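Student: All residue numbers for the sequence shown refer to the numbering used here, where the first residue is 7 and numbers rise by one.
Quick reminder that beta carbons are idealized off the backbone N, C-alpha and C, glycines included.
As the structure is a computational prediction, the values presented were derived from the model and not from experiment.
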Amino acid sequence: MFMERLDKILSSQGVGSRKEAGILIRRGLVHVNGILATRPETKTDPERDQITIEGKPLRFQRHVYLMMNKPAGVVSASRDSREKTVVDLVPPVLSRRDLFPAGRLDRDTTGLLILTDDGELAHRMLSPKKHVYKLYEASVDGPVGAEEIEKFAAGVALEDGTVCLPAGLTVVKQGTAWETLVEIREGKFHQVKKMFLAVGRRVLRLKRVRIGGLELDKTLKEGECRELTKEELALIFQGENRRFCEKKNSNGQI
Ligand code: URA
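What follows is the structure, encoded as structure tokens:
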């Protein structure tokens, strides 16, 4: 049993601030197990007690998990005094007070981003020890072949001497720009861009398309987000999608 103040519970579910939740309670709009609640400090078990607001049941969720298709031009942060953040893009109905992006994408990187208020999940997702691979589509400015692929597979040494964990690199299309897929399980600052720079290539466009076994929902437009299902959440920790890293790439083609 986990008892909490009623105003705190309502506020944690995006109903409004603690003060606003208190006003709803004092106005007689909230019932707990069919009984009118009049005091914001009433201790309640949100997982067991049936809470209603104006007759509508509150669907309590301890944490929220959102998938966003991040657009370019916004920063991966909760709040920023000057710039628009990914949390600013979340519609009020899905938002929570403590929402933050689990991992960062650069301002100009697009694609799959998880937003949550669950610090434990974020830690599990981001720790290299947990082997959660992230897959990126990277457009680069020059040829990618066996040499670059071997270097990625062995662990690229960045300009500052840091050696990355082995990563997967595959060529998808050759043209004016080279379209590649890159799979890493770390999240160093500008990692994919720095890895390419270390092998003499520049990233022109970068998009994250998968985390673990969870793929970006292609129906989400840039800037949109939606809740993850329980099954999708579990997919994050499914490791069988380590296609490129575990496989010997000989010619660089899929
Ligand atoms: N690697 C990068 O260089 N940038 C990102 O946004 C993500 C991975």
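Please classify valine 138: is it buried, with 16 or more other beta-carbons within 10 angstroms of its beta-carbon, or exposed?
Tutor: Position 132 of the sequence shown holds residue 138. Under this definition valine 138 is a buried residue.
Student: Using a 10 Å radius around the Cβ and a threshold of 16 neighbouring Cβ atoms, would you call arginine 207 buried or exposed?
Tutor: Along the sequence shown, one-based indexing puts residue 207 at 201. Answer is buried; the Cβ neighbour count reaches 16.
Student: Are leucine 171 and glutamate 154 close, meaning C-beta to C-beta below 9 Å?
Tutor: Numbered from 1 along the sequence shown, position 165 holds the residue referred to as residue 171. Numbered from 1 along the sequence shown, position 148 holds the residue referred to as residue 154. Cβ distance not < 9 Å, so leucine 171 and glutamate 154 don't count as in contact.
Student: Which residue wins for smallest C-alpha separation from glycine 109, given the options Val36, Val81, Pro97?
Tutor: Position 103 of the sequence shown, counted from the start, is the residue given in the question as residue 109. For the residues Val36, Val81, Pro97, the minimum Cα distance to glycine 109 belongs to Val81.
Student: Report whether the distance from the Cβ of lysine 199 to the nearest heavy atom of ligand 2 is below 8 Å.
Tutor: Within the structure as shown, ligand 2 is missing, the only ligands being ligand 1.
Student: Report the rounded CA-to-CA distance for glutamate 156 versus lysine 90, giving the unit in angstroms.
Tutor: Here residue 156 corresponds to residue number 150 of the sequence shown, with the count starting at 1. Here residue 90 corresponds to residue number 84 of the sequence shown, with the count starting at 1. Taking the straight line from one Cα to the other gives about 39 Å.
Student: Quick one: what does DSSP say histidine 37 is sitting in, helix, strand or coil?
Tutor: Stepping through the sequence shown from its first residue, residue 37 is reached at position 31. If DSSP states are grouped into helix, strand and coil, histidine 37 belongs with the strands.
Student: For the beta strand (DSSP E) that glutamate 143 lies in, which residues bound it at each end?
Tutor: Within the sequence shown, numbered from 1, the residue matching residue 143 stands at position 137. Unbroken beta strand (DSSP E) run through glutamate 143: 140-146.
Student: In three-state DSSP terms, what is arginine 208?
Tutor: Position 202 of the sequence shown, counted from the start, is the residue given in the question as residue 208. In this structure, arginine 208 counts as coil in the three-state DSSP scheme.
Student: I need the straight-line Cα distance from alanine 160 to arginine 211, nearest angstrom please.
Tutor: Taking the first residue of the sequence shown as position 1, residue 160 is located at position 154. Taking the first residue of the sequence shown as position 1, residue 211 is located at position 205. Going by the C-alpha atoms only, they are around 24 Å apart.
Student: On the criterion of 16 or more Cβ atoms from any shown chain inside 10 Å, does glutamate 233 qualify as buried, or is it exposed?
Tutor: Here residue 233 is taken as the residue at index 227 of the sequence shown, counted from 1. When all chains shown are included, glutamate 233 counts as exposed.
Student: Quick check on DSSP: helix, strand or coil for glycine 161?
Tutor: One-based indexing of the sequence shown puts residue 161 at position 155. Glycine 161: coil per DSSP, three-state reduction.
Student: Please tell me whether, using a cut-off of 8 Å, the distance from the CB of glycine 219 to the nearest non-hydrogen atom of ligand 1 is below it.
Tutor: Residue numbering aside, residue 219 sits at position 213 when the sequence shown is read from its first letter. No; taking the cut-off as 8 Å, the Cβ of glycine 219 has no heavy atom of ligand 1 nearer than that.
Student: If contact is defined by three or more beta carbon pairs under 8 Å, each pair taking one atom from either stretch, is the stretch 52-68 in contact with the stretch 24-42?
Tutor: The stretch 24-42 and the stretch 52-68 touch, with no fewer than 3 CB-CB distances between them shorter than 8 Å.
Student: With a 10 Å radius around its C-beta and 16 neighbouring C-beta atoms as the bar for buried, classify glycine 181 as buried or exposed.
Tutor: Stepping through the sequence shown from its first residue, residue 181 is reached at position 175. With fewer than 16 Cβ atoms within 10 Å of its Cβ, glycine 181 is classed as exposed.
Student: Scan the stretch 167-252 and note each continuous beta strand (DSSP E) run of 3 residues or more that stays entirely inside, going in chain order.
Tutor: As far as the stretch 167-252 is concerned, its whole beta strand (DSSP E) runs of at least 3 residues are 174-179, 184-190, 209-217, 231-233.
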